[in-house]
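In UniProt numbering, the protein residues as written are 1 to 503.
Pasting the structure below:
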């Protein structure tokens with residue numbers, strides 16, 4: 001490059017003097033004489049100047065970024081660990097606080113439902129009347145309101161304290177981090193801002209966790225009381241036989257009215273008014289008139305080809321449903337003083353184990369040794385609407401809840417299925433699979449939030465309760481019962497008599 005001031009000359013030197021150079025620090029040989037600085041000490045040949053700058057750069061180690069990269073990675077690693085840890089603690093703590101509010105709301109609803117569900121006092125159970133008397137004569141509701149308001153005040157106080165602490169801590173963090181944003185080093189600005197943002201978030205969460213831990217400590221007594229109340233509620237609903245104050249009674253066999261048969265009888269059922277008895281007799285169904293303890297054989301139905309295992313009278317019509325070991329399901333109707341077969345359905349490929357109907361009697365559900373559960377709709381004849389294949393072995397028992405929108409099932413594969421009907425398309429969907437430690441023998445809904453389960457062997461019956469938050473059923477109680485270890489394949493299913501709270 002030629003000199004700006006002596007165009008015929010090449011730039012050969014760089015001025016390094018500490019002054020405002022009139023030649024813009026680029027000098028040719030002629031500029032040296034006019035420049036007025038010490039040529040030896042304050043000028044450097046242009047080629048040597050470049051080498052000197054490179055050497056200085058290496059001595060400063062600015063190109064060695066490994067330490068900087070490592071520190072940056074360490075920061076990010078710490079933030080990542082803090083984020084994971086804080087997120088987990090926050091989720092658990094938030095869930096705990098939510099549970100407290102849900103318990104308070106649940107407690108309110110318990111009292112409200114108890115009062116409104118027992119307006120017809122003549123039909124109320126003894127247990128419910130005992131609770132209602134304690135509400136009327138005692139201070140049960142007043143005590144609960146005092147306790148509830150105390151806890152709500154504590155929660156409100158904790159919330160206000162939390163807000164103040166977060167704001168104060170944020171201000172402190174801001175002041176400390178602002179000191180890092182040093183004037184003259186703008187290259188640090190983006191990194192500092194990133195650190196500030198992340199630390200603010202982490203510290204805010206940290207304060208929330210600390211305050212929630214304090215709230216948890218304050219609320220522990222309430223949680224314990226709520227759990228005790230729920231246990232009391234369960235005990236009021238489900239008691240072992242030894243807890244009932246039952247008067248002794250005896251049944252006697254009326255030999256002269258009894259009927260001896262050599263064939264297998266695997267199913268019996270009475271119609272809605274108790275006037276007709278249907279009894280399985282190998283492949284036949286015997287229809288008896290049942291009056292004043294006397295049985296009179298009226299008709300024998302012989303359309304089944306294998307042993308009859310299921311008999312269900314409908315309550316809203318003079319119809320009977322039967323199922324057999326071959327998987328067939330037959331629909332019978334009573335017309336002109338006789339029973340006729342309206343429809344034969346090849347429902348399953350194996351043993352029909354269970355068959356239940358909804359209250360409207362426009363849907364029945366069947367289960368089988370072919371591992372399936374099938375849903376049947378009545379539309380000018382019964383047809384299969386849907387089947388569930390989530391069991392891996394025989395399905396022994398089914399039960400419908402009060403709202404008729406959930407079905408539970410158990411069987412030989414040691415699991416309980418909770419199946420729910422979708423509100424959108426009315427399809428049935430498996431919502432939960434509960435693993436148990438043995439084959440399922442019997443099960444029964446007590447209400448929409450409670451069901452019992454009886455294993456194939458042993459002397460325990462389990463109670464499962466729906467969690468109000470997760471909507472999942474979990475085991476909450478064991479009840480000792482007298483049961484032999486003889487496997488009967490689900491005969492004599494559990495039934496809950498709501499009017500008397502008897503299982």
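Using N, Cα and C, we set each Cβ at its ideal position, and we do this for glycine too.
Where the alpha helix (DSSP H) through residue 39 begins and ends: 39 to 42
In DSSP terms, what residue 323 is bridged to: 310, 329
For residue 53, count neighbouring C-beta atoms within 10 Å of its own C-beta (all shown protein chains included) and say buried if the count is 16 or more, exposed if not. exposed
Just reading off the alpha helix (DSSP H) that residue 70 is part of, what are its end residues? 66 to 116
Reduced DSSP secondary structure (H/G/I, E/B, other) of residue 461: strand
Does the Cβ-Cβ distance between residue 49 and residue 14 come in under 8 Å? Yes; because the gap between Cβ atoms is below 8 Å, this pair is in contact.
Among 381, 367, 5, 378, nearest to residue 394 - alpha-carbon criterion: 367
Residue 141, buried or exposed, once every other Cβ within 10 Å from all chains shown has been counted against 16: exposed
CB of residue 301 within 8 Å of CB of residue 264, strictly: no
Can you give me the C-alpha to C-alpha distance between residue 62 and residue 35, rounded to a whole angstrom? 34 Å
Endpoints, the beta strand (DSSP E) within which residue 269 is located: 268 to 270
Nearest-angstrom beta carbon gap, residue 357 and residue 401 [assumed within contact, 8 Å]: Not a contact, Cβ separation roughly 14 Å.
Which word fits residue 69, buried or exposed, when buried means at least 16 other C-beta atoms lie within 10 angstroms of its C-beta? By the neighbour-count rule (16 or more Cβ atoms within 10 Å), residue 69 is not buried but exposed.
Would you please state the rounded distance, in angstroms, between the beta carbons of residue 420 and residue 406? I believe it to be under 8 Å. 5 Å
If distances are taken between C-alpha atoms only, which option among 458, 279, 463 comes closest to residue 450? 463
For residue 158, which option in 262, 130, 174, 97 has the closest C-alpha, if you only look at C-alpha atoms? 97
Since residue 433 and residue 417 are thought to touch, with beta carbons under 8 Å apart, how far apart are those beta carbons, to the nearest angstrom? 6 Å
Alpha carbon to alpha carbon, how far is residue 376 from residue 324? 17 Å
Beta carbon of residue 444, beta carbon of residue 385: below 8 Å? no
Do residue 360 and residue 373 have their beta-carbon atoms positioned less than 8 Å apart in this structure? no
So the alpha helix (DSSP H) residue 127 belongs to, where does it begin and stop? First-last of the alpha helix (DSSP H) with residue 127: 126 to 137.
Between residue 502 and residue 166, what straight-line distance do the alpha-carbon atoms span, to the nearest angstrom? 55 Å
Just list the residues that DSSP pairs residue 441 with in beta bridges. Answer is none; residue 441 lacks a bridge partner.
Using the beta-carbon count (16 or more within 10 Å), is residue 371 buried or exposed? buried
Please list, in chain order, all residues of the same chain as residue 282 whose beta carbon is under 6 Å from its beta carbon, the five residues on each side excluded. Answer for residue 282: 263, 264, 307, listed in chain order.
C-beta contact flag for residue 291 and residue 275 at 8 Å: yes
Pairwise C-alpha distance: residue 303 and residue 126: 47 Å
With distance defined between alpha-carbon atoms, name the residue in 114, 123, 153 nearest to residue 136. 114
Residue 287 versus residue 342: straight-line alpha-carbon distance, rounded: 17 Å
Which residues DSSP lists as bridging residue 278, in chain order: 269, 287
For residue 289, collect the residues of the same chain with a Cβ closer than 6 Å to its Cβ; drop the 5 residues on either side in sequence, then sort them by chain order. 296, 298
Once you ignore the five residues that flank residue 226 on each side, which residues in its own chain have a CB closer than 6 Å to its CB? Annotation note: pLDDT 49 at residue 226 (below 50); position unreliable, no value reported.
With residue 400 as the anchor, note down where its beta strand (DSSP E) starts and where it stops. 395 to 400
Rounded separation between residue 58 and residue 46 - CA only: About 19 Å.
Note down, in chain order, each residue of its chain lying with its Cβ closer than 7 Å to the Cβ of residue 30, except the 5 sequence neighbours on either side. 6, 9
Under a Cβ-count criterion, where at least 16 other Cβ atoms within 10 Å of its own Cβ denotes burial, should residue 19 be classed as buried or exposed? exposed
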